[in-house]
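Student:
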Amino acid sequence: VGNELIPITDPYQFLNGDVYIIETENNLWIWLGSKSFADEKFIGSWGAKKIEGQNKELKIETINQGFEPAEFKEQIAFEVVEGDTLGFLKSIDTKYEKDFRLLQIKENDEGEIIVAELPIKHKHFQSDDAFVLDAYNILYVWIGKDSQVKEKYEAGRITRLLEVERKRFPIIYVIEEENEPDGFRGLIYKLGLRDGMMELRRTVKKVDKKEGSTSKKWW
């Protein structure tokens, strides 16, 4: 629910806008509702990996609503109903007051750490750097497989500074390259679209202000 894993009890009702993790004797099933968002798929995959870390014998299987294998149906009795719970990405379309940022942490040839803000796009994630994706209440720390110790340290330091700045405890996910949970690329894509829309709106507002436009805004 949102950014947390919340246990549910039998009889199981799966909302088609949510994601569920089901642990059986040999499997960790990640059930994806047909209307679930990228953030929920990410959280589901992340949660499954955390559980798997405690029991390496479990095999992670991702299944989509309507395409459940017979093995799953034999083990779990469930009903799919219409609905969802509010997630992170479901709320950002109407909450434009916060700017999200992608921060690149890079060590230059002189051994200095350079922090640069980049557009939120998956192509900017480079193996030899570390990154902090600042989504205000959630911080994603992405560690490139060839990143340096100082870069990793600085990424951690930045997240701690952001915690202090906000006077709250944001959720922090540390993600290693080539071990990204399913849904991570989709999460970046969605945030990138939102970031681009924010920039477009700012540009239009600047033009309107400069030209003294009184016309009705298009959004």
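This note's numbering puts the first residue of the sequence shown at -5, with every later residue one more than the last.
Think of the CB as a built atom: it goes at the ideal place given N, C-alpha and C, for glycine as much as any other residue.
It should be emphasised that the depicted structure is a prediction, and the values quoted were computed from it without experimental measurement.
#1: Should V126 go down as buried or exposed, given a rule of 16 or more other Cβ atoms within 10 Å for buried?
#2: Leaving out five residues on either side along the sequence, give the residues of the same chain with a beta carbon under 6 Å from the beta carbon of W212.
#3: Beta-carbon within less than 8 Å of E238's beta-carbon, same chain only, minus the 5 sequence neighbours each way: which residues are those?
#4: How about E170: is its Cβ closer than 7 Å to a heavy atom in the ligand FMN?
#5: Looking at V135 and V109, is the spacing between their C-beta atoms short of 8 Å?
#6: Flag this pair as yes or no: are the beta carbons of T56 and I24 separated by less than 8 Å?
#7: Based on DSSP bridge pairs, tell me the residues matched to Y134.
#8: Based on DSSP bridge pairs, tell me the residues matched to V75.
#9: For V109, which beta-bridge partners are listed by DSSP?
Tutor: Concretely, from the data shown:
#1: Its Cβ being crowded by 16 or more others within 10 Å, V126 is buried.
#2: Low per-residue confidence applies at W212: pLDDT is 25, beneath 50, and the placement is therefore not dependable enough to give any value.
#3: Because residue 238 is not part of the residues shown, which for the chain are -5 to 213, the question remains open.
#4: In terms of ligand content, the structure shown is empty, and the ligand FMN therefore cannot be addressed.
#5: Cβ distance not < 8 Å, so V109 and V135 don't count as in contact.
#6: If you check the CB distance, T56 and I24 come in under 8 Å.
#7: Beta-bridge pairing links Y134 to L127, Y167.
#8: Listed as beta-bridge partners of V75 by DSSP are L9.
#9: Bridge partners of V109: I99.
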